[in-house]
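Numbering (UniProt numbering), first residue to last: 1 to 179.
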C-alpha cells in the first residue's frame, strides 16, 4: 500500500458526509477500493499464519494419532480373540470399554436398470417407485402471469396454489481496481 492510499485509508469519513456530485462519488469509490485492498492484505497475512499453524497442528496430531490407532487396534484384537473363545466376554474398565455390533446385511445394486427391468417383467410393481413432480421450467415458459401475480394455464384458467412473485431490484457497487 503506497503513501497516498494510506492517507486515504486514514482519512475519516466526516460526519454528515453525503455524495452529491461526481467528485464525492469518486472519492467514495477510491476509499472503498483502498479499504478492499487493505482487507485483502490483512486476509492474506492471516491466511498465511493460519496455514502455518494448521501445518504445525496436523504434524503434532499425526504423531499422537498413530499411537492412538495402534492402541485401539490392539484393544480390538484382544477383545475379538477373547470374544471368539467366550461369547459372553466383556472388556470394560473404569477408563474405557470395547464393544462390538454385528453388521447388518444390506442389498447393493451393481446395475439398477437391470434390477428395475426384472422387477417390471415379474410384475413386482410394488417395489418400483415413480416420482411425480412439476416441470417448473416448462410451466413458467408456457403459462401466463397476470399483473396481480396469478398464473394462467394454456386454457386460460387460473392455476390454484401457484403465484408469481417479482424479485426486488438488486444493486451492485463495482470498484475499478487501480493500476
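Ideal Cβ placement from N, Cα and C applies to all residues, glycine included. Every value quoted in this text rests on a predicted model; they were computed, and no experiment measured them.
Query, Result
"Between residue 176 and residue 164, is the Cβ-Cβ spacing less than 8 angstroms?", "no"
"If you reduce the DSSP assignment to three classes, tell me which class residue 171 lands in.", "coil"
"Helix, strand or coil for residue 161, going by three-state DSSP, please let me know.", "strand"
"Could you tell me if residue 154 is buried or exposed, where buried requires 16 or more neighbouring beta carbons within 10 angstroms of its beta carbon?", "exposed"
"Would you identify the three-state DSSP class for residue 108, choosing helix, strand or coil?", "coil"
"Within the chosen definition, does the stretch 72–80 reach the stretch 88–99 through at least 3 CB pairs nearer than 8 angstroms?", "yes"
"What three-state label does DSSP hand residue 93 in the structure shown?", "strand"
"Relative to the alpha-carbon of residue 4, which residue among 15, 35, 20 has its alpha-carbon at the smallest distance?", "35"
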